[in-house]
Amino acid sequence: MTRRLAYVSVAVFIALAVTSLALAQGRAGGGARGGGAAEANAPTPRMPDGHPDISGTWGGGGGGGREFEVDAQGNSTDIFPSRRCAPSQVKCSEYTNQSYDGEFTARMQANRPLYKPQYWDKIQYLDMNTNKEDPIFACQPLGVPRVGPPARILQTANDVVFLYAAGGASTQPAEYRIIPTDGRKFDPVRSQDVYFYGLSVGHWDGDTLVIESIAFNDLTWLDKGGLFHSDKMKVTERFTREGSTMAYDVIVDDPEVLIEPWHMTPRRLRLNTSPDAFLPEGLPCKDYDHDNMVTQIRH
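Numbering (the numbering used here) for the sequence shown: 11 to 309.
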């Protein structure tokens with residue numbers, strides 16, 4: 011009888027769990043789908059020249075969207091999960107603020123750039139040595155396209171200003187881009203320089219803002235997992251606003267190291283209408299080597 015009661019209790023618990031999950035999905039997933047349709051069907055605001063107005067705070071607008079813990083005194087701490095456990099590793103369940111190694115070789119994402127065969131050894135080395143080789147640990151900016159879509163956009167008749175929320179070790183302070191949208195060509199002189207975020211110009215293709223960027227240095231990664239690029243890279247970003255949502259689409263063309271252009275997984279952004287939405291300032295980048303300096307020579 012006790013065993014039967016235990017089985018019934020377990021069954022009831024599972025049923026309640028399934029019901030709760032369904033309700034949660036209805037509030038989140040189903041609601042998001044319904045809300046997404048309603049947001050897309052909302053009127054798209056337009057500028058006086060007729061182009062869609064993509065101004066606004068897109069996404070959380072409160073800083074990063076990472077998980078965090080709050081202690082008894084109300085102090086919040088970002089959670090960076092530990093790297094995956096291997097048989098030789100210990101304390102893998104703790105938060106050690108480490109990045110993931112083996113992203114590429116572990117096939118964490120199905121949509122990845124295809125590198126030429128002569129670069130396979132390099133991509134695997136960078137991937138397996140992320141904690142040593144990832145540029146963000148040397149206080150480098152994330153760069154394009156790794157920085158992702160802007161958290162806030164300011165639009166005028168002739169340009170757009172992209173503001174990016176602080177992204178951790180790589181942004182000090184949060185980054186920005188000012189991009190002309192009047193259809194001009196690349197400046198022939200500035201095109202010979204190199205930049206972390208590239209030299210960018212924009213133009214309108216119907217209701218889609220198309221931004222092309224060239225003149226990159228080769229110091230950043232496309233994404234974690236050792237996804238490097240050359241200084242011949244070209245990035246094309248597309249922003250299409252539909253009501254209170256916006257499609258963000260990116261293609262990376264780097265014939266120097268890639269077999270074919272990489273079409274990144276498109277993202278759909280939601281307009282944050284909260285009056286309290288804000289962009290947090292970036293934390294200062296930590297120089298972990300400072301205590302090891304033994305001379306006054308600047309480096």
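From the three backbone atoms N, C-alpha and C, an ideal C-beta is built for every residue, glycine too.
Can the beta-carbon of residue i be found closer than 9 angstroms to that of residue j?
i	j	result
Thr191	Asp215	no
Ile163	Ser65	yes
Thr230	Val154	yes
Phe249	Leu219	yes
Glu143	Leu136	yes
Pro145	Leu232	no
Ile383	Ile269	Shown here, the chain extends from 11 to 309; a query on residue 383 therefore has no answer.
Is residue i helix, strand or coil when you go by DSSP?
i	result
Tyr129	helix
Asn107	Its pLDDT being 44, under 50, Asn107 is placed unreliably by the model, and the measurement read from it follows with that caveat. Of the three classes helix, strand and coil, the one that applies to Asn107 here is coil, per DSSP.
Phe288	coil
Gln165	strand
Leu136	helix
Ser201	helix
Asn282	strand
Ile269	coil
Ile64	coil
Pro145	helix
Asn121	coil
Lys195	coil
Between the C-alpha atoms of residue i and residue j, what's the straight-line distance to the nearest angstrom?
i	j	result
Val267	Val245	14 angstroms
Ala167	Gly212	12 angstroms
Lys242	Pro58	37 angstroms
Gly75	Pro160	Unreliable placement is indicated for Gly75, whose pLDDT of 42 sits below 50; the coordinate value is still reported in the next sentence. Between Gly75 and Pro160, the C-alpha separation is close to 14 angstroms.
Leu289	Lys126	39 angstroms
Lys132	Leu173	33 angstroms
Arg187	Asn282	20 angstroms
Gln202	Ser223	13 angstroms
Phe206	Val157	11 angstroms
His273	Asp286	34 angstroms
Asn141	Gly235	10 angstroms
Gln128	Arg251	40 angstroms
Gly208	Gln134	26 angstroms
Gln119	Ala225	28 angstroms
Gln165	Arg280	17 angstroms
Pro53	Asp217	13 angstroms
Val199	Trp130	34 angstroms
Met138	Gly193	42 angstroms
Leaving out the 5 sequence neighbours to the left and right, which residues in its chain are closer than 8 angstroms to residue i when beta-carbon positions are compared?
i	result
Gly278	The amino acid at residue 278 is misidentified as Gly; the sequence shows Arg. Same-chain partners within the cutoff: Gly46, Thr255, Met256, Ala257 and Tyr258.
Lys195	Val211
Pro265	Lys242
Trp68	Pro159, Pro160, Ala161, Arg162, Ile163, Met256, Leu279, Arg280, Leu281 and Asn282
For residue i, which beta-bridge partners are listed by DSSP?
i	result
Glu247	Ile221 and Val260
Phe238	Trp231
Phe172	Ile163 and Arg187
Arg153	Looking at the sequence provided, one finds Gly at residue 153 rather than Arg. Paired residue(s): none; Gly153 is not in a bridge.
Leu311	Past the boundaries of the shown model lies residue 311; the chain is included only from 11 to 309, so the question cannot be answered.
Asp215	Thr218
Thr255	Glu252 and Arg280
Arg56	Pro62
Leaving aside the five residues before and after residue i along the sequence, list all residues of the same chain whose C-beta is less than 6 angstroms from its C-beta, in chain order.
i	result
Thr275	Asn121
Asp228	Ser240 and Asp241
His61	Trp214
Pro55	Asp63
Ile261	Thr246, Pro271 and His273
Asp197	none
Asp263	Lys244 and Pro271
Keeping to the same chain, check which residues put their C-beta closer than 7 angstroms to that of residue i; ignore five residues upstream and five downstream.
i	result
Asn51	Gly253
Val204	Ala225, Phe226, Asn227 and Asp241
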